[in-house]
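J.: According to the UniProt record's numbering, the stretch in the sequence shown is residues 1 to 113, in order.
Ideal placement from N, C-alpha and C gives every residue a C-beta, glycine not left out.
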Amino acid sequence: MEENEGGGAGSGGVGGTGTGTGPGIGTYSHIWWALASAAQLGWAISSFKRGHAGDSHFMPFKAFSVASLFVGATAAAAVSVLHVSGIHKVEDLLEVGANIRTGLGVRPRARDE
1 MEENEGGGAG SGGVGGTGTG TGPGIGTYSH IWWALASAAQ LGWAISSFKR
51 GHAGDSHFMP FKAFSVASLF VGATAAAAVS VLHVSGIHKV EDLLEVGANI
101 RTGLGVRPRA RDE
C-alpha cells in the first residue's frame, strides 16, 4: 500500500494524507477522524447531561441536535477504523468482502460489468 493513495498531493480526502502537506509525509487521517469522533461524543454527552433548559418550543431541535452528535461521532469512529485497517477506497472494501466470502466457503457473487 502506498503512503498517499487516492488523491493528489495533500488532497486530504478519503485516502489522502489528511494533513495537506503533500506526498511522502504519511497518512495520519485516521487520527483526525478519531479526534473528531471523540470531540463529538464528548459534546453529545455534555449536551445530554445538561438536559432541557429554556423554552420548551426548542426541545425537538435540542433532541435532534444531540442525536445528530451521537450519530456523527459513530460515523467518524467508523471512518477512523476503516482508515486504520487500510481501507481507503470502495474497491478495498469490496476486496475485503470477497476475501471474507472466500474464507467462509461461499461462492463469489456474479458481477455486472
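Whole angstroms are fine: how far does the CA of S46 sit from the CA of S29?
T.: Near 26 Å, if we compare the C-alpha coordinates of S46 and S29.
J.: In angstroms with no decimal places, state the Cα-to-Cα distance between V96 and L69.
T.: Going from the Cα of V96 to the Cα of L69 covers about 29 Å.
J.: Secondary structure at H83, three-state DSSP: helix, strand or coil?
T.: H83: helix per DSSP, three-state reduction.
J.: Can you look up A75 in the DSSP assignment and give me helix, strand or coil?
T.: Note: A75 maps to helix in three-state DSSP.
J.: What do you get for S56, buried or exposed, if any count of 16 or more other CB atoms within 10 angstroms of its CB means buried?
T.: Under this definition S56 is an exposed residue.
J.: What did DSSP end up calling R50 once you bin it into helix, strand or coil?
T.: Residue state, collapsed to three classes: helix.
J.: Please classify K62: does DSSP put it in a helix, a strand, or coil?
T.: Note: K62 maps to helix in three-state DSSP.
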